[in-house]
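Colleague:
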Amino acid sequence: MARILLENVTKIFDGEVTAVRDFNLEVPDGEFMVIVGPSGCGKTTTLRMIAGLEETTSGNIYIGDSLVNNVSPKDRDVAMVFQNYALYPHMNAYHNMAFALKMRNVPRAEVKKRIKETAKLLGIEHLLHRKPGALSGGQRQRVALGRAIVRRPRAFLFDEPLSNLDAAMRLTTRAELKNLHHRLKITTIYVTHDQAEAMCLGDRICVVREGEIQQTADPMEVYERPANKFVAGFLGTPPMNFLTGSIKLKNDTAYFKIGNDAIILSQRFKNVLRDYYDKQLILGVRPENISPQQFSGQSDNAISAMVNVIKPIGIRTDVYLTHHTEQKLIIGIEPHARFEVNDKVKLYLDLEKIHIFEPTETGRNVTLSDQPG
Ligand SMILES: Nc1ncnc2c1ncn2[C@@H]1O[C@H](COP(=O)(O)OP(=O)(O)OP(=O)(O)O)[C@@H](O)[C@H]1O
Ligand SMILES: [Mg+2]
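Numbering-wise (my numbering), the sequence shown opens with residue 113 and increments by one.
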């Protein structure tokens, strides 16, 4: 087992495409780290550099205590599991799992023992004689996992290993993976574009956008204290709502003004936002931190909006609204709450849970007062 350290790692393809820019990431021994970000943000490239399948353009990669920049993939002792499991179609599950061990001259009895243990762990003992063509997607995926586990590598690298599975299978396999990690405690870097999967699996998650790390922290920290607007909007379903407005100071009270609506900010926010009075900013609020009420008379520290679409999804109902400034919002309500299309509603925001961002795509969360920089 081993920690993995990336120091100022950059990858530029063909001298022009910067896939990964100045990554600094430490994954301590035994941690389950999830790298999450939209398609094309550099996740696979990062894993391939750690596995040694891709050279870095600059920067250092350490596995354990050794610098591995010039170590060949087979000597890095990490096991990578890809999205398409790439099992050998002509070999049964047993031989697929045994193959890498045989190549390493592991004695036959030891191979047998490891496969037996691992197959038991993964619940595939009864499938070992089957070839990949006779296995379901989920079963193949487990064989691929098994093949990685029997090697007893120092670390696992997973590249979206669940994306070929159906929704139900994904959920159960996700839980199994987490459980497996709990038992084996092997350092793991897991890549996905699925924020829910990242939140569920990661001891910590590292959010990446266009080749750059945006924030690395434990999932709830990232959810509750997003470093910037991109991170805030990337995690959560439905996503965080963003409303453009500005901070006004009147009679020593700070307000966030969105069109005709003004929300009184707490003393803490007032202090933190001192440098931002009269500037355009973006207020972020998660759907679960908004309470809607039927509109009656004057708005009192709430914002007013019109219901456009009501979408029941079982556990809750999503309501799509438009603020009078034409800005859109989504909130979640009780499945049986009575709202109708074209209703005018008042939205009360949980003012301790709002965030205020600088007005760019990756605008800094200026309400995190203890954030460096
Ligand atoms: N061999 C290559 N040559 C040139 N550009 C590449 C190469 N491999 C990847 N890229 C580019 O590098 C960027 C990052 O690609 P990468 O595959 O790492 O993204 P990803 O985050 O894994 O995306 P996805 O979620 O779609 O798998 C993309 O712009 C991609 O087009
Ligand atoms: Mg990829």
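All residues carry an ideal CB built from backbone N, CA and C; glycine is no exception.
Just to confirm my understanding: we take residue 465, look at its own chain, exclude 5 residues before and 5 after, and list those with CB closer than 6 Å. What are they?
Modeller: Position 353 of the sequence shown holds residue 465. Closer than 6 Å at the Cβ level, and outside the excluded window around residue 465, lie 401.
Colleague: Can the beta-carbon of residue 300 be found closer than 8 Å to that of residue 145?
Modeller: Position 188 of the sequence shown, counted from the start, is the residue given in the question as residue 300. Position 33 of the sequence shown, counted from the start, is the residue given in the question as residue 145. Cβ atoms of residue 300 and residue 145: closer than 8 Å.
Colleague: Output the distance between the C-alpha atoms of residue 350 and residue 295, rounded to the nearest integer angstrom.
Modeller: As a first step, residue 350 must be located in the sequence shown, where it is residue number 238. As a first step, residue 295 must be located in the sequence shown, where it is residue number 183. Straight through space, the alpha carbons of residue 295 and residue 350 are spaced by roughly 33 Å.
Colleague: On the premise that residue 396 lies in contact with residue 368, defined as a C-beta separation below 8 Å, what is that separation, rounded to the nearest angstrom?
Modeller: On the sequence shown, position 256 is the one that residue 368 refers to. On the sequence shown, position 284 is the one that residue 396 refers to. The pair is not a contact, with the Cβ atoms about 11 Å apart (cut-off 8 Å).
Colleague: Could you check the C-alpha separation between residue 322 and residue 258 for me, to the nearest Å?
Modeller: In the sequence shown, residue 322 corresponds to position 210, counting from 1. In the sequence shown, residue 258 corresponds to position 146, counting from 1. When rounded, the distance between both Cα atoms is 33 Å.
Colleague: Tell me whether residue 164, by its Cβ, gets closer than 7 Å to a heavy atom of ligand 1.
Modeller: Counting from 1 along the sequence shown, the entry for residue 164 is found at position 52. Flag unset: Cβ of residue 164 not near ligand 1.
Colleague: Within this structure, are the beta carbons of residue 173 and residue 161 separated by less than 8 Å?
Modeller: Start at 1 with the first residue of the sequence shown, and residue 173 comes out as number 61. Start at 1 with the first residue of the sequence shown, and residue 161 comes out as number 49. For residue 173 and residue 161, yes; Cβs fall inside 8 Å.
Colleague: To the nearest angstrom, how far is it from the Cα of residue 288 to the Cα of residue 142?
Modeller: Residue mapping note: residue 288 aligns to position 176 of the sequence shown, counting from 1. Residue mapping note: residue 142 aligns to position 30 of the sequence shown, counting from 1. Answer to the nearest angstrom: the Cα atoms are 17 Å apart.
Colleague: My assumption, with CB atoms under 8 Å, is that residue 122 sits in contact with residue 168. Please give the rounded CB distance.
Modeller: Taking the first residue of the sequence shown as position 1, residue 122 is located at position 10. Taking the first residue of the sequence shown as position 1, residue 168 is located at position 56. Going by Cβ atoms, the distance from residue 122 to residue 168 rounds to 7 Å, so yes, they are a contact pair.
Colleague: Under the rule that 16 or more other beta-carbon atoms within 10 Å means buried, what is residue 391, buried or exposed?
Modeller: Locating residue 391 in the sequence shown gives position 279, counting from the first residue. The residue in question, residue 391, is exposed, as its Cβ has fewer than 16 Cβ neighbours within 10 Å.
Colleague: Please classify residue 373 as buried or exposed, where buried requires at least 16 other C-beta atoms within 10 Å of its C-beta.
Modeller: Stepping through the sequence shown from its first residue, residue 373 is reached at position 261. With at least 16 other beta carbons inside 10 angstroms of its own, residue 373 counts as buried.
Colleague: Please indicate yes or no: does the CB of residue 306 lie closer than 7 Å to some heavy atom of ligand 2?
Modeller: Along the sequence shown, one-based indexing puts residue 306 at 194. Within the chosen limit of 7 Å, ligand 2 does not reach the beta carbon of residue 306 with any heavy atom.
Colleague: As a quick check of your reading: which residues have a C-beta less than 7 Å from at least one non-hydrogen atom of ligand 2, in chain order?
Modeller: 155, 156, 271, 272, 303
Colleague: Take the Cβ of residue 280 as the centre, count every other Cβ of all protein chains shown within 10 Å, and call the residue buried at 16 or more, exposed below.
Modeller: Against the sequence shown, residue 280 aligns to sequence position 168. By the 10 Å Cβ count, residue 280 comes out exposed.
Colleague: Please tell me whether residue 445 and residue 428 are closer than 8 Å, where the distance is taken between their beta carbons.
Modeller: Locating residue 445 in the sequence shown gives position 333, where the first residue counts as 1. Locating residue 428 in the sequence shown gives position 316, where the first residue counts as 1. A contact, by the Cβ cut-off of 8 Å.
Colleague: Could you tell me if residue 467 is buried or exposed, where buried requires 16 or more neighbouring beta carbons within 10 angstroms of its beta carbon?
Modeller: Against the sequence shown, residue 467 aligns to sequence position 355. The residue is buried, with at least 16 neighbouring Cβ atoms inside 10 Å.
Colleague: How would you call residue 128, buried or exposed, if buried means at least 16 neighbouring beta carbons within 10 angstroms?
Modeller: In the sequence shown, counting from the first residue as 1, residue 128 sits at position 16. By the C-beta density criterion, residue 128 is exposed, having fewer than 16 other C-beta atoms within 10 angstroms.
Colleague: With C-beta atoms as the reference, is residue 149 less than 8 Å away from residue 319?
Modeller: Taking the sequence shown and counting its residues from 1, one reaches residue 149 at position 37. Taking the sequence shown and counting its residues from 1, one reaches residue 319 at position 207. Cβ distance < 8 Å, so residue 149 and residue 319 count as in contact.
Colleague: Compare the Cα-Cα distances from residue 343 to each of 307, 363, 366, 364 and report the closest residue.
Modeller: By one-based count along the sequence shown, residue 343 stands at place 231. Considering only 307, 363, 366, 364, the residue with the shortest C-alpha distance to residue 343 is 307.
Colleague: Which whole-angstrom value is the C-beta distance of residue 120 and residue 170, which I expect to be below 8 Å?
Modeller: Looking up residue 120 in the sequence shown gives position 8. Looking up residue 170 in the sequence shown gives position 58. That belief holds up - the Cβ atoms of residue 120 and residue 170 are roughly 7 Å apart, short of 8 Å.
Colleague: Do residue 282 and residue 269 count as a contact pair if the criterion is CB distance below 8 Å?
Modeller: Start at 1 with the first residue of the sequence shown, and residue 269 comes out as number 157. Start at 1 with the first residue of the sequence shown, and residue 282 comes out as number 170. Cβ atoms of residue 269 and residue 282: not closer than 8 Å.
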